[in-house]
Amino acid sequence: MPEGPEVKTVARTLDQQLKNMRLGNFWHSDYKLRREVNYQDIKKLENRVISSVTCYGKILFINSEEKPILLTQLGMTGRLTVEEKTSPLQAHTHIRWDLLDTSRELRYVDPRRFGLFEACDQETKKNILNKLGPDLFNLDTKQIPELIARMQASKRAIKEILLDQNILVGVGNIYASEALFLAKINPQRLGCDISNKLYKILIKSAQQVLELAYKNSGTTFSSYVDAFGTEGKNLDFLQVFQRTNQACYVCSTPIVRITQSNRSTFYCEVCQK
DNA sequence: CCCCTATCCTGAGGGC
DNA sequence: TGCCCTCAGGATAGGG
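Quick note: the first sequence uses the working numbering, first residue 1465, plus one each step.
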């Protein structure tokens, strides 16, 4: 479900509601998420005050002045929301976390259970971030040559490179197709066959696509919502994603759907070379 | 090291 | 109705 813009929206709306809140009683379901979750460690966060909620790419960090902090990945269908304690529970609720001195609680709902929770210290967090590529939301121009070099070193299709969080973070399956459309690049082109100049256009296009989506609070096509439960408004701005056989907005040629590494890619055969 | 496949899950929607 | 198929914002172990 959530890519960089959606996760950043969740981080922003969680930060608004959780900053300076004290965590109370913790409850979890008995289903395992993507991995077995060490709930005992997470329970140690009871009574901590949340200092902020931040993100890097698709990873959320619920920070507190003391350690550990809480790391979360939403997977495909994970939703983190702040709700009234009395509001009805949705199916597949896996975590409820009381917010002391309020009528509300933090809830995690995830039907497919591809999400992840982990208590981690600053050292572990640093190690995780070190392995990931640069964040297009905060890209320093000094990082661009190395980023291009890494993409150019790969013989994989450019669409697959964009999805690799070790190369760069925040782009997922929607925005990979969208960025390549904006940059007019065929998603099947190999990373090693793209020029420096074109990579600069691609990076800029990807940033534009992500910024627009964030401005619109993300894309909701089925279940994504922010921490207030509000849907994203970016769906109408998408150019190619899930528009198979519909006319390209630029040249009217029907949009094509192909499969790359078992995932859908959408593009215009005329506009993208 | 790099690359590819299969896999973890539930639910929505389409065809028959 | 029901049954079967495909598809869905992600990431990772394991094989070649």
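No residue lacks a Cβ here, since even glycine has one placed at the ideal position from N, Cα and C.
*Which stretch, first to last residue, makes up the beta strand (DSSP E) that contains N1489?*
In the first sequence, counting from the first residue as 1, residue 1489 sits at position 25. Note, N1489: beta strand (DSSP E), L1487 to H1492.
*Report the partner residues of T1723 according to the DSSP bridge assignment.*
For the purposes of this step, residue 1723 is identified with residue 259 of the first sequence, where counting begins at 1. Paired residues: S1728.
*asked:* Less than 8 Å between the beta carbons of V1471 and C1519, yes or no?
replied: Here residue 1471 refers to the residue found at position 7 when the first sequence is read from its first residue. Here residue 1519 refers to the residue found at position 55 when the first sequence is read from its first residue. Cβ atoms of V1471 and C1519: closer than 8 Å.
*Does DSSP put P1718 in a helix, a strand or coil?*
Taking the first sequence and counting its residues from 1, one reaches residue 1718 at position 254. Residue state, collapsed to three classes: strand.
*asked:* Do F1730 and S1458 count as a contact pair if the criterion is CB distance below 8 Å?
replied: Nothing about residue 1458 can be read from this structure; the chain reaches only from 1465 to 1737.
*Can you give me the start and stop residues for the beta strand (DSSP E) that V1734 sits inside?*
Translated into positions along the first sequence, residue 1734 becomes position 270. That residue, V1734, is in no beta strand (DSSP E); it is neither H nor E in DSSP.
*Does DSSP put E1642 in a helix, a strand or coil?*
Against the first sequence, residue 1642 aligns to sequence position 178. Under the three-state reduction of DSSP output, E1642 falls in the helix class.
*Could you have a look at A1647 and say whether DSSP puts it in helix, strand or coil?*
Position 183 of the first sequence, counted from the start, is the residue given in the question as residue 1647. Three-state result, A1647: coil.
_Between the alpha carbons of K1549 and S1528, how many angstroms are there, rounded?_
As a working mapping, residue 1549 is identified with position 85 in the first sequence. As a working mapping, residue 1528 is identified with position 64 in the first sequence. Whole-angstrom Cα-Cα distance: 23 Å.
_Report the CB separation of F1581 from T1541 in whole angstroms; it is logged as a contact under 8 Å._
Looking up residue 1581 in the first sequence gives position 117. Looking up residue 1541 in the first sequence gives position 77. Actually they are not in contact, since the Cβ atoms of F1581 and T1541 sit about 15 Å apart, beyond 8 Å.
_If contact is defined by three or more beta carbon pairs under 8 Å, each pair taking one atom from either stretch, is the stretch 1681–1693 in contact with the stretch 1712–1719?_
no
*Going by DSSP, which residues form a beta bridge with C1656?*
Mapped onto the first sequence, residue 1656 falls at position 192. In DSSP, C1656 forms no bridge with anything.
*Compare the beta carbon distance of R1512 and R1577 with 8 Å and say whether it is the shorter of the two.*
By one-based count along the first sequence, residue 1512 stands at place 48. By one-based count along the first sequence, residue 1577 stands at place 113. Going by C-beta atoms, R1512 is not nearer than 8 Å to R1577.
*Thinking just about the alpha-carbon of each residue, which of L1509, R1727 and G1655 is nearest to the one in E1530?*
On the first sequence, residue 1530 is found 66 positions in, with the first residue counted as 1. Ranking L1509, R1727 and G1655 by Cα distance to E1530 puts L1509 first.
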